[in-house]
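For reference, the structure is listed below as structure tokens.
Protein chains: 2
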Amino acid sequence: MEGKGIVFVISAPSGAGKTTLIREILRRISGLSYSISYTTRPPRPGEVDGKDYHFVTEEEFMEMAREGKFVEWARVHGALYGTPKENLYPEPGTDVLLDIDPQGAKQVKELRPDAVLIFIVPPSMDELERRLRERKKDSEEDIRRRLSNARKELDQVGLYDYIVVNDELENALQYLSSIILAERCKTERVLKEGIRWRV
Amino acid sequence: MEGKGIVFVISAPSGAGKTTLIREILRRISGLSYSISYTTRPPRPGEVDGKDYHFVTEEEFMEMAREGKFVEWARVHGALYGTPKENLYPEPGTDVLLDIDPQGAKQVKELRPDAVLIFIVPPSMDELERRLRERKKDSEEDIRRRLSNARKELDQVGLYDYIVVNDELENALQYLSSIILAERCKTERVLKEGIRWRV
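Chains S and V, in that order, give the protein sequences. Residue 2 is where the first sequence starts when you use my numbering, and the numbers rise one by one after that. Residue 2 is where the second sequence starts when you use my numbering, and the numbers rise one by one after that.
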């Protein structure tokens, strides 16, 4: 933990706009990189292996799980997702952004108690439903399952350090980048880096 | 404390550039107002009574002190300065920014344990000395006293939540405004405001 980069965890119910937020924040903030997870689900259009995810087979995934290489892994909507442990210890000066669900966030917090947990919420449940329907990706059954999962995830919000309401993209981005920059100014972190201005 | 605006405390050794930072941050961030202190020192050129300070006589000041109207008051470089208690309880949605020294910051923290303490530091002690000499406001004796005070104040930095290094004005402003916006996203504050997005 000592002298390592900061671990930022972002969770959100699907449809809260997390993917766009994360893509934009990585473009705007320097010294921040995305933690690439492993998954067994097939790539969606535009997703790149080794950039968005490491796409692996169920067998490959389970082999890594047995070797204890994951912070956490879980089956979500049928597919396996896992966060490699090594991603939690970035070099000093390079912070890492993890995109995981509340259950995974809890595991991260156990290994890195100084991890910063951010929850993205839609402006309302009605708006979330509207967005899920609008993107026309999911069946009616999928939408219901996602809404039910969203309600469960929202119950976990107390675990998180920050809540960002994604009402309007630019607003949400400003809050999100503010959280990252502010955390870099936390006294204990600045002092660990060495007090340049000390006599 | 419940449902009140956030109290931000900013401290800095003189010459760290605090005054400029505060003026700019108040222009840029909405819902943030400056806590006007009382002082017995004469106004400096450009300072306005009731805006920069309430300028009062030593007698008026001591009367208020006796009535317990100050969070803290102190004699600094010969003059009396006091922060009125009522400034610590702004209305919800209006945050307040206090400009006080580490001793005062400690008193604020006792009345408002949720106050957010920010310390502005110069890039180095050499740079601080250079800035103090450059502004040509102080005698050699003043400069030495200010440098000695700065060293004492820097020892108090552990009391603070955040450290902002004022190397370059725009950088420092970005960090400072990030801290303010990030604090507004803290889970306990968002939850107190009511969970709009809750089912």
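Beta carbons are placed, not taken as given, at the ideal position from N, Cα and C, and that holds for glycine. These figures come from a predicted structure and were not determined experimentally.
- Short of 7 Å from the beta carbon of residue 80 of chain V, and not among the five residues preceding or following it, lie these beta carbons of its own chain, in chain order: 40, 41 and 42.
- Per DSSP, the unbroken alpha helix (DSSP H) holding residue 103 of chain V starts and ends at 103-112.
- When the Cα atoms are used, residue 98 of chain S and residue 67 of chain S turn out to be separated by approximately 25 Å.
- Shown here for residue 120 of chain S: same chain residues with a beta carbon closer than 6 Å to its own, the five before and five after excluded, namely 12, 158, 161 and 164 in chain order.
- With respect to the C-alpha of residue 51 of chain V, the residue from V/175, V/61 and V/36 having the closest C-alpha is V/36.
- For the C-beta of residue 38 of chain S, not a single chain V residue is nearer than 9 Å; the gap to the nearest is close to 24 Å.
- For residue 176 of chain S, the nearest beta carbon of chain V is closer than 8 Å to its own beta carbon.
- Beta-bridge partners assigned by DSSP to residue 38 of chain V: V/54.
- Residue 151 of chain V and residue 89 of chain V have their alpha carbons spaced roughly 26 Å apart.
- Between residue 169 of chain S and residue 170 of chain V, the alpha-carbon positions lie close to 29 Å from each other.
- Counting the other Cβ atoms within 10 Å of the Cβ of residue 96 of chain V gives 16 or more, which makes it buried.
- If you draw a straight line from the Cα of residue 22 of chain S to the Cα of residue 23 of chain V, it comes to about 30 Å.
- Per DSSP, reduced to three states, the secondary structure at residue 162 of chain S is coil, with no helix or strand assignment.
- Beta bridge pairing from DSSP links residue 76 of chain V with V/81.
- Taking a Cβ-Cβ threshold of 9 Å, the residues of chain V close to residue 187 of chain S are 162, 163 and 164, in chain order.
- In the three-state DSSP reduction, residue 5 of chain S falls in the coil class, being neither helix nor strand.
- Contact between residue 92 of chain S and residue 6 of chain S is confirmed by a C-beta separation of about 6 Å, below the 8 Å threshold.
- The way I'd put it, the segment 172-183 of chain V does touch the segment 175-188 of chain S; three or more beta-carbon pairs between them come closer than 8 Å.
- Straight across, the Cα-Cα distance linking residue 28 of chain V with residue 15 of chain V is about 22 Å.
- For residue 30 of chain S, the three-state secondary structure derived from DSSP is coil.
- Under the three-pair Cβ rule at 8 Å, the segment 57-77 of chain S counts as touching the segment 101-110 of chain S.
- Residue environment for residue 179 of chain S: buried (at least 16 other C-beta atoms within 10 angstroms of its C-beta).
- Rounded to whole angstroms, the gap between the alpha carbons of residue 55 of chain V and residue 166 of chain S is 39 Å.
- The distance from the Cβ of residue 174 of chain S to that of residue 25 of chain S is about 6 Å, consistent with a contact at the 8 Å cut-off.
- The three-state reading of DSSP puts residue 187 of chain S in strand, counting E and B together.
- Here residue 137 of chain S is exposed. Its C-beta has fewer than 16 other C-beta atoms within 10 Å.
- A straight-line Cα-Cα distance of about 40 Å links residue 132 of chain V and residue 191 of chain V.
- Rounded to whole angstroms, residue 144 of chain S and residue 82 of chain S show a C-alpha spacing of 20 Å.
- Under the Cβ distance rule, residue 116 of chain V does not count among the residues neighbouring chain S, no pair being separated by less than 8 Å.
- Boundaries for residue 89 of chain S: no alpha helix (DSSP H) harbours it, and the DSSP string shows neither H nor E there.
- Burial state of residue 38 of chain S is buried, judged by a 10 Å Cβ sphere holding 16 or more other Cβ atoms.
- Within the same chain, 13, 14, 17, 155, 158, 164, 165, 166 and 167 come within 8 Å of residue 122 of chain S by CB-CB distance, once the 5 residues on both sides are set aside.
- Comparing alpha-carbon positions, the option among S/130, S/176, S/49 and S/85 lying closest to residue 65 of chain S turns out to be S/85.
- Using a Cβ-Cβ cut-off of 7 Å, residue 158 of chain S is close to 188 of chain V, given in chain order.
- DSSP places residue 143 of chain S in the uninterrupted alpha helix (DSSP H) bounded by 141-155.
- By the neighbour-count criterion, in which a residue is buried when 16 or more other Cβ atoms sit within 10 angstroms of its Cβ, residue 113 of chain S is buried.
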